[in-house]
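Accompanying notes for the structure given below.
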Amino acid sequence: MRVEAVDFFYLAMPTIFDIGDGSQDALLVRVQAGPYVGWGECEAAPLVSIASLICPMSHSACKPVIASVLGQPLDDIADIARIGADVRSNSADLLQTDHTLSGIDVALWDLLGKRLETPVHTLLGYKRAYSKVCYASVLFGDTPEQTFHKAQRIQAQGYRAAKFGWGPFGRATVAADAAHIAAAREGLGSDGMLLIDAGMIWGDDLAAATQRVAILRDAGAVWLEEPFWTEAIAAYRALAPRIAPVRLAAGERCHTAAMAIQLMEQADLGFIQIDVGRVGGISAAHAVATAAAERGVTYVNHTFTSHLALSASLQPYAGLQEHWLCEYPVELQPLARDLTITRIEPNEQGEIVVPDAPGLGIQPDLSALQPYVIDVEIRVRGRTLYRTPALSA
Numbered sequence: 020m021r022v023e024a025v026d027f028f029y030l031a032m033p034t035i036f037d038i039g040d041g042s043q044d045a046l047l048v049r050v051q052a053g054p055y056v057g058w059g060e061c062e063a064a065p066l067v068s069i070a071s072l073i074c075p076m077s078h079s080a081c082k083p084v085i086a087s088v089l090g091q092p093l094d095d096i097a098d099i100a101r102i103g104a105d106v107r108s109n110s111a112d113l114l115q116t117d118h119t120l121s122g123i124d125v126a127l128w129d130l131l132g133k134r135l136e137t138p139v140h141t142l143l144g145y146k147r148a149y150s151k152v153c154y155a156s157v158l159f160g161d162t163p164e165q166t167f168h169k170a171q172r173i174q175a176q177g178y179r180a181a182k183f184g185w186g187p188f189g190r191a192t193v194a195a196d197a198a199h200i201a202a203a204r205e206g207l208g209s210d211g212m213l214l215i216d217a218g219m220i221w222g223d224d225l226a227a228a229t230q231r232v233a234i235l236r237d238a239g240a241v242w243l244e245e246p247f248w249t250e251a252i253a254a255y256r257a258l259a260p261r262i263a264p265v266r267l268a269a270g271e272r273c274h275t276a277a278m279a280i281q282l283m284e285q286a287d288l289g290f291i292q293i294d295v296g297r298v299g300g301i302s303a304a305h306a307v308a309t310a311a312a313e314r315g316v317t318y319v320n321h322t323f324t325s326h327l328a329l330s331a332s333l334q335p336y337a338g339l340q341e342h343w344l345c346e347y348p349v350e351l352q353p354l355a356r357d358l359t360i361t362r363i364e365p366n367e368q369g370e371i372v373v374p375d376a377p378g379l380g381i382q383p384d385l386s387a388l389q390p391y392v393i394d395v396e397i398r399v400r401g402r403t404l405y406r407t408p409a410l411s412a
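Quick note: the sequence shown uses this note's numbering, first residue 20, plus one each step.
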């Protein structure tokens with residue numbers, strides 16, 4: 020069996036707002052081999068990744084990603100590893116390569132799982148999949164009152180944990196941030212697990228982050244996520260002992276497994292958060308999950324888009340019982356909700372169970388997605404390199 024087609028679909032809401040909400044557009048990936056079809060998602064600006072898929076070759080290490088995928092044998096998991104290695108070698112100088120590979124890799128795992136009638140997490144070697152505790156992932160409200168009401172709704176819906184991030188946090192005064200955190204804590208109640216996402220707001224400014232240490236401790240926050248840029252390793256390492264017992268979380272912007280492992284080894288993180296749509300797919304994410312377990316760092320998925328992406332994000336650590344948290348976006352745009360036929364819903368214990376159907380166990384809703392398809396054509400020297408394909412099974 021060989022890879023016969025790799026198709027990318029740019030999907031988007033009618034209007035895109037300047038907010039930290041990655042569910043406003045999507046890049047859906049379809050891979051076909053023989054009678055089998057696999058689906059994946061890239062978590063990146065869709066048009067940029069489409070360009071890296073089909074761009075003309077610049078030189079031997081700057082080839083279009085698709086050149087290393089089409090025609091490749093796909094019969095077992097070793098073939099997925101080989102395809103990934105070929106992509107990274109042949110497109111090493113394309114900085115979008117790993118984001119583009121991510122969706123392809125996910126689709127390859129989905130396809131192979133369907134062919135072998137096996138869930139992806141079983142193909143990865145896990146004997147069983149453990150349920151994960153959902154944390155409801157939301158943006159801070161524009162005001163503390165809005166944050167409070169969001170927290171109340173989350174608590175009433177039965178979630179045991181919640182993460183508040185981005186929005187106005189870190190952009191004004193320490194007192195303003197304290198008001199939002201206090202509102203989140205009050206709305207969740209004393210028993211709710213509170214997580215805070217700073218969205219890299221302080222760059223590498225250790226002093227600015229340190230000013231928020233007391234309010235995070237007083238609120239009983241479990242972690243502070245991404246106070247700094249991913250590469251600001253020295254700032255992470257310096258903040259970690261100052262903020263304890265609150266732990267630091269980061270990693271969603273790692274675009275290789277090696278980058279994530281370096282972050283774990285040098286930044287004194289308590290939690291490593293990996294997005295399969297950015298890091299290179301399920302293959303790279305599984306390598307990070309394995310490394311995290313060896314280093315005593317808790318692996319957590321990162322996902323803020325569809326339930327296809329959610330299922331993909333769960334597979335790499337499905338069999339790690341001690342790694343028990345799961346990001347669960349609860350403010351999805353209609354596009355992300357409509358993207359799949361079925362969704363992964365929390366149970367009464369506030370936990371989700373990894374799908375046990377072949378592949379990812381989640382299928383896109385192709386009819387519902389038709390209104391979101393963006394028509395794109397890319398021409399170079401009079402030759403059409405890309406035209407939006409027909410979105411069908």
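Each residue gets a CB set at the ideal place from its N, CA and C atoms; glycine is no exception.
- Taking a cut-off of 8 Å for Cβ pairs, the stretch 395–410 and the stretch 56–76 touch, as three or more such pairs fall below it.
- Comparing alpha carbon positions, the residue from 374, 361, 290 and 377 closest to residue 344 is 290.
- Taken atom to atom, the span from the alpha-carbon of residue 42 to that of residue 326 is near 11 Å.
- In the three-state scheme derived from DSSP, where H, G and I count as helix and E and B as strand, residue 212 is classed as strand.
- Judged by beta-carbon spacing, residue 58 lies beyond the 8 Å limit of residue 124, meaning their Cβ atoms are not closer than that value.
- Sequence-distant partners of residue 75 (beyond 5 residues in either direction) whose C-beta falls short of 8 Å from its own C-beta, in its chain, are 83, 399 and 404.
- Between residue 332 and residue 103, the CB-CB gap reaches or exceeds 8 Å.
- In this structure the stretch 151–161 lies against the stretch 175–182, because at least three pairs of beta carbons, one per stretch, are closer than 8 Å.
- When the Cα atoms are used, residue 306 and residue 264 turn out to be separated by approximately 28 Å.
- The Cβ-Cβ distance between residue 255 and residue 286 falls below 8 Å.
- Assignment of residue 42 by DSSP, reduced to helix, strand and coil, places it in the helix class.
- When the beta-carbon positions are compared, residue 22 and residue 90 come within less than 8 Å of each other.
- Short of 7 Å from the beta carbon of residue 137, and not among the five residues preceding or following it, lie these beta carbons of its own chain, in chain order: 377.
- If you look at residue 169, you'll find it in the alpha helix (DSSP H) that goes 163–175.
- Between the stretch 97–112 and the stretch 340–360 there are fewer than three C-beta pairs closer than 8 Å, too few to call the two in contact.
- DSSP places residue 142 in the uninterrupted alpha helix (DSSP H) bounded by 139–142.
- Around the beta-carbon of residue 324, 16 or more other beta-carbon atoms lie within 10 Å, marking it buried.
- Per DSSP, the unbroken alpha helix (DSSP H) holding residue 109 starts and ends at 96–109.
- Residue 114 and residue 342 have their C-alpha atoms roughly 31 Å apart.
- If you check the CB distance, residue 217 and residue 245 come in under 8 Å.
- Judged by DSSP secondary structure, residue 403 falls within the beta strand (DSSP E) whose first and last residues are 402–406.
- With a cut-off of 8 Å on Cβ pairs, the stretch 189–198 is in contact with the stretch 226–235, counting three or more such pairs.
- For a cut-off of 8 Å, the C-beta gap from residue 385 to residue 410 is around 6 Å, short enough to register as a contact.
- Around the beta carbon of residue 100, a 10 Å sphere encloses fewer than 16 other beta carbons of the protein chains shown; the residue is thus reported as exposed.
- Distance between residue 143 and residue 375, taken at the CA atoms: about 13 Å.
- Counting along the chain, residue 115 sits inside no beta strand (DSSP E), nor does DSSP assign it H or E at all.
- For residue 160, there is no enclosing alpha helix (DSSP H), since its DSSP letter is neither H nor E.
- Of the other Cβ atoms in all chains shown, 16 or more fall within 10 Å of the Cβ of residue 322; this residue is therefore buried.
- Annotation: residue 407 to residue 28 spans about 7 Å, alpha carbon to alpha carbon.
- Here residue 48 carries a strand assignment [DSSP, helix/strand/coil].
- Residue 159 is classed as buried because its beta carbon has at least 16 other beta carbons within 10 Å across all chains shown.
- The continuous alpha helix (DSSP H) containing residue 255 extends over residues 252–262.
- As a beta-bridge residue in DSSP terms, residue 290 pairs with 268 and 317.
- Beta-bridge partners assigned by DSSP to residue 146: none are found.
- Residue 358 and residue 388 do touch by the CB rule: their CB atoms are close to 6 Å apart, below 8 Å.
- Counting only unbroken stretches of 3 or more residues, the beta strand (DSSP E) elements lying wholly within the stretch 319–381 are 344–348, in sequence order.
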